[in-house]
Every structure is written in C-alpha cells, then in structure tokens.
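There are 2 protein chains.
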Amino acid sequence: MPRRKSPTVYDVAEHAGVSIATVSRVLRSPEKVTVSTRERVLAAVQDLRYVPNASARGLAGRRTGVLGLLIPGHDISTASRRPVDASGTIEFLDDHHDSHGGPFRNRYFEQLVHGAEAATWDAGYGLLIAAGSSVSRDMVVRDLTGRVDGLAVIARTLPDELITRAADSVPLVLVAGRLPGTTDSVSVDNRGGMSALTEYVLRVKPPGPTLYLAGSVDSPDAVERELGFRDALAAHPGPWHTAAADFSWQGGHEAALEQLRSGPPGAVIGANDQSALGALAALRVAGVRVPEECVVTGFDGIDESRYSHPPLTTVRQPMADLGIHAVEALLSRIADPGAEPRDLRLAVDVLLRQSSELSAPTD
Amino acid sequence: MPRRKSPTVYDVAEHAGVSIATVSRVLRSPEKVTVSTRERVLAAVQDLRYVPNASARGLAGRRTGVLGLLIPGHDISTASRRPVDASGTIEFLDDHHDSHGGPFRNRYFEQLVHGAEAATWDAGYGLLIAAGSSVSRDMVVRDLTGRVDGLAVIARTLPDELITRAADSVPLVLVAGRLPGTTDSVSVDNRGGMSALTEYVLRVKPPGPTLYLAGSVDSPDAVERELGFRDALAAHPGPWHTAAADFSWQGGHEAALEQLRSGPPGAVIGANDQSALGALAALRVAGVRVPEECVVTGFDGIDESRYSHPPLTTVRQPMADLGIHAVEALLSRIADPGAEPRDLRLAVDVLLRQSSELSAPTD
DNA sequence: CTGAAAGCGCTTACAG
DNA sequence: CTGAAAGCGCTTACAG
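First to last, the sequence lines map onto chains G and U. Counting in this note's numbering, the first sequence runs from 423 upward without gaps. Counting in this note's numbering, the second sequence runs from 423 upward without gaps.
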C-alpha cells in the first residue's frame, strides 16, 4: 500500500540543493546540466524515490504523453459472474458447441493491441485503451479526447460522423478502414492480397470452374477483395462464377451446394474465411476431395481456419503492424499537424495450408 | 486534423456568463447548481465543444482518473516489418507448422484486457496498458506509477521485489498470483478446480490406474493444482501414479509412454493442457481409445485444447472476471488505502469435452 | 447557489 | 549553466 505523500520537485530540489528548474532539466534535457549537479539531482531522485506527476507534467508541457486506442465494444458485463472466495463451487460447462468467443473470433485484437502498445511505449508515450460500448460511444470519445495527444480508432467502432468530429479536436488515425481526405488511415491491401491469392489458385487448381464467394455489398473490404479477384482473372482467364455468400458460413455453404448441382468446382475462393469454411463443409459432404479435386481459400486468418479439415489457405492481415503503423502515423501527425491526410496501405501475407496444396505435408 | 486551440473553462464561463467555479461544478457535481444556470453552462459547453483537460483535472483533483494494467512482455519489434504502400508484394508463408502465436497461446490476454477495460470505464476511469518489455521493466513501472491512480500487475511480469516497491507508491493489485500480506491479489481457485475435475474423472473413468502429469515444481499453480488432485484422491482412493511433465507437451508425451509400458492408464490428468495434449498424442499412437479406454483432461483452456482429437476436457480460468475483479480491488484500495491486503479467489469452470465424455455428442 | 482565490506540480522562456 | 517567476487549466474549501 502506498505510504507517505509522494515527493515533488520541490523536495528533490531541496534535497539536492538546487532549484526546481534544474531538477526539471535533469529529467527532461539532462545535456543542459553539468555532470556534477546532474548526479546530485539524480541521487536525490533515488533517495526520495521521486516519481514525476504525469498530470502536472501534462498540464505544464501541454501534452499528456498518452495515445488512445479505441477498439470495438464487447458484451462483457462487469457485474461479476464468477463467485469469489468460493472454492468448490466449480461449474461444469458443456463445451461441444461454439459457446464462447465473443466479438473477436481471432487473435487480431490481441495482436493489434500488442503492436500499438509496443510502438507507443517505444516512443515514450502511454497507451490508453477504450472499447466503445454501444451505450456511451459518444461519451467515451469525449473522455478520451481530453486525455490523449492522439487517437487511433479501429474502423467501424464509430460512425463516420463521430470520427470526423473527434478528428477536429485531436490527431486521429483510422485503422483498417479509410475516410479519404478526412483523416489519416492505415489499412491493408485487400485488393492486392486477393489478387495474389487468386493468381496462385488459378495456377495450381485442378480442372473445373472457379467459384468466388462474394462478401456483403456494403463492405469496403468486400468491394476491394472482389476487385482483386477480377484483376487476377483478367490475367488468367478461365471459367468462373460469382455467388453472394454475404461473408457467412451459411452463405458459403449454400453457394457451394448450388454450384455442385451443375458440377463440382475446381476452386472456391471465399471473400472471407467463414464463407470458405461453409463451402468446405459442403464439398466434404458431397465427397469432393480438397485440395485434390477442388482448391479452397479464405481471407482473414481466423482461428477456425487453422483447425478445419483440411486447414484453410487464407490471407492474414498484419495486425501487429497495423497497430505499429497507426501509432507512427499518429506521431507524425502530432509532429506536423498541418500535413495532408495520408492513407497507408500495408501488404498482407498469404498463409499456405492444405486446402490449396496438392502436395501438402501431413503432420 | 485538430483546428483551433481548445477552449477552456474560462471560455465556457465567459460564454455562459458565470464563473469558472460554476462551470466546474456543473461538470463535477451538477446537483449543486440551479437547473437554469446548469443548462446555460451545458449549452456553452456544447457550443464551444469544450472538452475538459485531463491533465489539469488530474493535477487539481489529485487523481489521474487512470488505472494501469501491466501485462507480460512480447517480442514484437516495432521496426515495421510489413511493406507500406506496396500492393502486390504479398508474401506466401508456409503455415503447416505452429509458426505464430507469440507469448499468448490462448485468448486469456484478450479476455483479461477486455474485462479490465470494461470495469475501468464503467467506473469512470481510463485504462493505461503497458507490457513489461524485458529491457526496461523498471522504467515502465516508474513511468506507469506517475500516471495512474492504481496498478494491476499480471503475475510473473515483474520480480516480486519490484512489485513490492511499486506497491509502496501506488495502489497495486496482483492478478493470477499472490504475495500474501504484501499486496491485494485476485487469483483463481487452482486447487478447488483440480479437485472438482479429478473427482469427476475418478467417477466416470474406465478401469486402470490414474496418471497425474505434475507441473513445474517451482510454480505456485503447479503446487496448488497437485494439492487439489490429492484432495480428490483422498476422497476416492484408487491406483494412481504421478510423473513429472513440467507443463510441457514433451513431458506429458514421455510420461504417458512410460506409463504405457506397464499397461494403459484409465485416466490421465494433466496439470496443464500442454502436457495433457502430449499424453493424448502418445495414447493415440499406442492405439488407446480416448475416452472409451482412457479419459484425459487438462487445465488452462488454451486454444489447442478445443481442436485436438478428441477435444480436451479442461479447466478454464475466468480471465475476464479476473480483469474485472482486479479493477474492483483497485477501486476499493483507492477508496480505503488503510485496509488490510486482501486475497481474492475466483472459482473456475470445467469445460467438458469429448476426451472425458463416454457418451459425447458428435458434431 | 455562486464567486474570488489559492493551489495542484510541473515546464519553459527569460535573465543573469 | 542555473534560478526566479509565470503559467498550464482545472478543483475546492471558504465566504457571502
């Protein structure tokens, strides 16, 4: 437990026999102070276990030294659900169904936070994280705005209008989305990724038409990915169909069944993993061997894609890098508030797994 | 981009024709202000888009309004690895091996952060998160200390001595570990969980001795879990062995092979999931059917436990609740700095999966 | 219920 | 290189 009242610059100054200005200098720009006095001050800091007060520093320095990260909301009720000090009251849960998972069906969030966290502290800042709970998005934004020097917002956690408004009072970067001309952004090369993946598929796939499982029409990601698909098709023409799968397992499943009626496809390319997994299940039931008779691929790299039968080749967004670049974009913006908004595009990775590899290793 | 200099209480006061004290009151304790003036002030706040400066508030109010969460470090290099604005430079990665994952092999971190985040904002605080990168643990702690009103530290991210020292200058709660008599803590009922699980196993298991895969001797978790195992054994005697598996896949694998030489076990109870999964693999190769001939269980609830063949029955720590309770403990401590250190124990859940269920549903 | 004033603990020109 | 002093934008007794 904290004992005594914390020491201040005044205490340190007195202890070292200097003025508070000198104490401050030793801490902020040591090169401006003689070695001998610097050492005396540092010793006093040690002796008193002095820790600078961040609020005072922030107020005087006109910067908080903190960056904010706004991530999608969640459903966690903070009314605690686990009994406390209740040894023996263990609950047995049937976990055969996909019971948990929450809003994050993959490790993206974790990686993003890690990337942002590392970059933030490297730069000498702190990272404040907030999840826009649907109720109080507006309040959280207001609150954050007053606490940070810059704010990274994950796409779709906030309505565009709120983002624009927030960007008016604090440096802001949009992550995994864009608002061209309005704010800085860092997003991923959806189009290039899908194009590269499709080219690869067209090269290795067995005979048969290619089925593209299109995503939701209102999603920018879906639009970009489909453009990538068509880019590749233009370069490697061949028979193909598109079916609306709406990013869902069900959608992919039905689209595959429909396709199977007119003969088995040689490849199924999903706009995301969920729809590809739905198609995979349909093919399996229909007795179509993957990848020998049909190659299947997804996009996103959700956990399930690693554990399906066979594991799904997919495209992964570099989430840690998104976090890192978001922070860097914020720092640039803070350094040069007047610069033109910039949109950064990060390259993606293709994860090759057995659903596309005819000579895949077996483990 | 942020345009003009932000408005202050003075601007709002002038705009509303009141003093700054009244503005402050409207924001902090509205009930102390007449409805009519309150509305006038609120209108001014709206008009000017006033956002309180957190640093000034923190300095004047002697609280930062921020809680800190220190999580385990990571290896993410912030020297960015993904090419930027490089459409087409997609990398193809062989993902047949367990190539990624990092320090968090499960979703614990994510859930913990979510729980802590929700509870923190619910209480009107912000959440500052930091990962102790090995280099600068000491600095990060110092830095955090000055920025927050309370600090939650995940067990094993910091040497005990550093924790004790930090606890001296800021309210601190240890999460998933204990330092009895020194700091508040929130941890999990390892002993009760293992005891409940073991009792269940002893009840449903087929004939044959029970093999317990013990964890690392220097781990408090291992000690507690083994005590739980023995508690259950005392109540349901029967043949059993213990083997050191050191929390590792390899350790569990070898222990199972060794056991198989003297005959197949009727149950294998791992002190953690990794070792249980190692044993599971050994049993599978040896042709022992799980769960028909041998029941297998783990502890932790890592991702892999859901996707093994068969899926592994295990004990899950309620990470979100750990986060929530950690925050609550911090808030109590802040409210009553003089109280005795408290150690909270949360109950765990047993996740029943096919590795222990003889009549398990098939999907 | 409202206002004047002190003070929170720093940083940073400005002199010397 | 060092110090005196102003000021950062709030909150909070204290009067009235």
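The C-beta atom is built at its ideal place from N, Cα and C for all residues, glycine as well. Treat the numbers as computed from the prediction; the structure is a model and nothing was measured.
Straight across, the Cα-Cα distance linking U/VAL710 with U/ALA666 is about 21 Å.
G/LYS454 counts as exposed, since fewer than 16 other C-beta atoms from the protein chains shown sit within 10 angstroms of its C-beta. With the rule of 3 Cβ pairs closer than 8 Å, the stretch 605 to 615 of chain U does not count as touching the stretch 624 to 632 of chain U. Burial check for U/MET741: the Cβ neighbour count within 10 Å reaches 16 or more, so the residue is buried.
In this structure, the beta-carbon distance from U/ARG613 to U/LEU584 does not fall below 8 Å. In this structure, U/GLY572 sits near U/LEU752, with a CB-CB distance shorter than 8 Å. The C-beta of U/ASN475 comes closer than 8 Å to at least one C-beta of chain G.
When secondary structure is reduced to three states using DSSP, G/SER609 falls in the strand class.
Look at the beta carbons and you see the stretch 463 to 473 of chain U not touching the stretch 487 to 495 of chain U: under three pairs across the two are nearer than 8 Å. Going by DSSP, U/ALA704 is part of the alpha helix (DSSP H) stretching over 695 to 707.
Beta-bridge partners of U/ILE691 (DSSP): U/TYR634, U/THR719. DSSP, reduced to helix, strand and coil, places U/ALA553 within a strand of the structure shown.
Scanning chain U for C-beta atoms nearer than 8 Å to the C-beta of G/SER428 yields SER591, reported in chain order.
Per DSSP, the continuous alpha helix (DSSP H) segment holding U/VAL431 begins and ends at 431 to 438.
Per DSSP, the beta bridge partners of U/LEU594 are U/LEU573. Within the stretch 535 to 557 of chain U, the residues whose Cβ lies closer than 8 Å to any Cβ of chain G are, in chain order, VAL535, HIS536, GLY537, GLU539, ALA540, ALA541, TRP543, ASP544, GLY548, LEU549, LEU550, ILE551, ALA552, ALA553, SER555. Counting only Cβ-Cβ distances below 8 Å, U/THR586 has no contacts in chain G at all, with the closest Cβ about 11 Å away. A Cβ of chain G is located within less than 8 Å of the beta carbon of U/PHE531. For G/LEU649, not one C-beta of chain U is nearer than 8 Å to its own C-beta.
Between U/PRO494 and U/THR579 the beta-carbon gap is near 5 Å, inside 8 Å, which marks them as a contact. Each residue's CA atom was taken as its position, placing U/VAL770 and U/ARG683 some 34 Å apart. At a beta-carbon threshold of 8 Å, the residues of chain G lying near U/VAL772 are ILE512, GLU513, PHE514, LEU515, ordered along the chain. Spatial neighbours of G/ARG460 in its own chain (CB-CB distance under 7 Å, excluding positions within 5 residues in sequence) are listed in chain order as VAL448, PRO452. Taking the CA atoms as reference points, G/GLY439 sits about 49 Å from G/VAL597.
A straight-line Cα-Cα distance of about 8 Å links G/ILE724 and G/GLN696. Listed in chain order, the non-local C-beta contacts of G/ALA589 below 6 Å within the same chain comprise THR605, local neighbours out to five positions each way being set aside.
A Cβ-Cβ separation of about 4 Å places G/HIS437 in contact with G/ALA466 under the 8 Å criterion. Put simply, the backbone Cα of G/ALA703 is about 23 Å away from that of U/LEU734. Taken through DSSP and simplified to helix, strand or coil, U/HIS663 comes out as strand. Between the beta-carbon of U/ALA689 and that of U/LEU635 there is about 11 Å, and that puts the pair past the 8 Å contact cut. Across the stretch 440 to 472 of chain U, CB contacts with chain G closer than 8 Å involve ARG471, in sequence order along the chain.
In the DSSP assignment, U/THR444 falls within the unbroken alpha helix (DSSP H) covering 442 to 450. Contact annotation for U/THR567 against chain G: VAL473 [CB-CB distance below 7 Å, chain order]. When DSSP states are grouped into helix, strand and coil, G/LEU744 belongs to the helix group. Nearest neighbour of G/ALA552 by Cα position, chosen from U/THR542, U/PRO763, U/MET561, U/ALA553, turns out to be U/THR542. The CB of U/THR486 comes closer than 7 Å to the CB of ALA476, SER477 in chain G, given here in chain order.
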